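First the structure, in the form of structure tokens, and then the observations on it.
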Amino acid sequence: VLSFAGAALATHLPEENWAAMHPTVQVMSYKYKFSGHVVPQSSGSGTVISAEGLILTNNHVIFDEVEQKPLDAFEICITFDVKKEPLCNYTAKLVANDKEIDLALLQINAEDVLGSPLPKNFKVLDYLKSSQPEEREEVQVIGHPASGGDTITITKGQISGYDTFNNYKYFKTDTDFDHGSSGGTVLNSKGEFIGIPTYIRSYAENVGYFLDLREARPWIEKNKTKEAKTHERAEKDLKREMGRFIKANETLAYGHDLYPYISLKLPKGWHFFEIS
Numbered sequence: 241v242l243s244f245a246g247a248a249l250a251t252h253l254p255e256e257n258w259a260a261m262h263p264t265v266q267v268m269s270y271k272y273k274f275s276g277h278v279v280p281q282s283s284g285s286g287t288v289i290s291a292e293g294l295i296l297t298n299n300h301v302i303f304d305e306v307e308q309k310p311l312d313a314f315e316i317c318i319t320f321d322v323k324k325e326p327l328c329n330y331t332a333k334l335v336a337n338d339k340e341i342d343l344a345l346l347q348i349n350a351e352d353v354l355g356s357p358l359p360k361n362f363k364v365l366d367y368l369k370s371s372q373p374e375e376r377e378e379v380q381v382i383g384h385p386a387s388g389g390d391t392i393t394i395t396k397g398q399i400s401g402y403d404t405f406n407n408y409k410y411f412k413t414d415t416d417f418d419h420g421s422s423g424g425t426v427l428n429s430k431g432e433f434i435g436i437p438t439y440i441r442s443y444a445e446n447v448g449y450f451l452d453l454r455e456a457r458p459w460i461e462k463n464k465t466k467e468a469k470t471h472e473r474a475e476k477d478l479k480r481e482m483g484r485f486i487k488a489n490e491t492l493a494y495g496h497d498l499y500p501y502i503s504l505k506l507p508k509g510w511h512f513f514e515i516s
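In the working numbering, the protein residues as written are 241 to 516.
Next comes the structure, spelled out in structure tokens:
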């Protein structure tokens, strides 16, 4: 059953200006149900690392822990104006994932959900070039945390220590990040991409951990050329529902002919923002 989690009095969404695209994106992961509908299971962030639209994120952002397999469909929200909500007109396929290193690669589809072609050269961050991170060095964490509202969130802090998990190196930081920041972007004081926010300690939420990007590089190089996989029914359903929401936000009317039949008119200034 399709419903909406709520409607918010929204600012106008930004125009699709690819020259102003931010390389940190929001990732929404969906599960395909026996009813023939997709439902959201998790959300996080990701970083575009190739001109072709390859996204680096955490495995736990796209993974079904109950069924121990990747989720079925992925919505991508791209920021064109940091003062406004991202545009959630895009989907992606899964290229690779690894639970041990907690990484995944997604490939943005060549067309948006309305059938318009996407650019051939996305704005990216270079994952192969960065200097040695230093303790007490200032860092920025960029992503879409649950506590950050509807827009992209940028917080500052410093590297406050080191740790090792599953034989991979992590940096500790006092920078604020939250659920939803996972898979996002950590930049050093030079603006270089140096890490991936991965988790926080539940008993000490002012301490966050990000994976040293140098640990991720061999895995990325090994997996980046794999053929992308898709759950065709899940992706088809997700694109259909996303298209309906986009149209409803533009026309202030929503309806579909699936049971239960729905026909709604929306007051000006209000919008659907989530499939739930």
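Where a beta carbon is used, it is the ideal one built from N, C-alpha and C, also for glycine.
This structure is a prediction, so every number in the text was calculated from the model and none was measured.
Option in the options with minimal Cα separation from residue i
i: N299; options: I436, E256, I382 and H277; result: I436
i: V265; options: D338, E307, Q347 and F303; result: Q347
i: D403; options: T393, P373, T395 and Y449; result: Y449
i: K430; options: I502, V379, G509 and W510; result: V379
i: W258; options: D321, V267, L294 and Q281; result: D321
i: I318; options: L492, Y499, T465 and E255; result: E255
i: D352; options: A336, L345 and I316; result: I316
i: L506; options: C328, L453, E490 and S285; result: E490
Close beta carbons around residue i, own chain, < 6 Å, minus the five adjacent residues each side
i: T251; result: In this prediction, T251 has a pLDDT of 48, which is less than 50 and means its spatial position is unreliable; what the coordinates show is noted afterwards. Cβ neighbours of T251 beyond the five flanking positions: K324.
i: T470; result: K333
Collapsed DSSP secondary structure at residue i in the structure displayed
i: K475; result: Checking the sequence, you will find Glu at residue 475 rather than Lys. Helix at E475.
i: K462; result: helix
i: E255; result: coil
i: N217; result: Given a span of 241 to 516 for the chain in the structure shown, any question on residue 217 remains unanswerable.
i: F485; result: helix
i: S283; result: strand
i: V301; result: helix
i: K291; result: The sequence shown places Ala at residue 291, rather than the Lys named in the question. DSSP places A291 in coil when its eight states are reduced to three.
i: A350; result: coil
i: L453; result: helix
i: S387; result: helix
Sequence-distant residues of the same chain with beta carbon closer than 8 Å to residue i, five excluded per side
i: V447; result: S400, K412, T413, D414, I440 and R441
i: I341; result: N299, N406, Y408, L451, E455, A456 and W459
i: A376; result: Position check: residue 376 holds Arg in this sequence, whereas Ala was assumed. The residues are Q398, I399 and S400.
i: I394; result: V322, Q380, V381 and I382
Beta carbon of residue i nearer than 8 Å to that of residue j
i: Y367; j: L296; result: yes
i: V381; j: V426; result: yes
i: S370; j: N428; result: yes
i: K339; j: F303; result: yes
i: S269; j: V306; result: no
i: V335; j: L343; result: no
Chain-order list of residues whose beta-carbon lies under 7 Å from that of residue i (same chain, five-residue window excluded)
i: R473; result: Y272
i: A350; result: P357 and L358
Is there contact here, the segment 306-316 with the segment 378-398, by at least three beta-carbon pairs under 8 Å? no
Pairing CB atoms from the segment 468-477 with CB atoms from the segment 262-279, are three or more of them under 8 Å? yes
The segment 378-386 in contact with the segment 421-437 per 3-pair CB rule at 8 Å: yes
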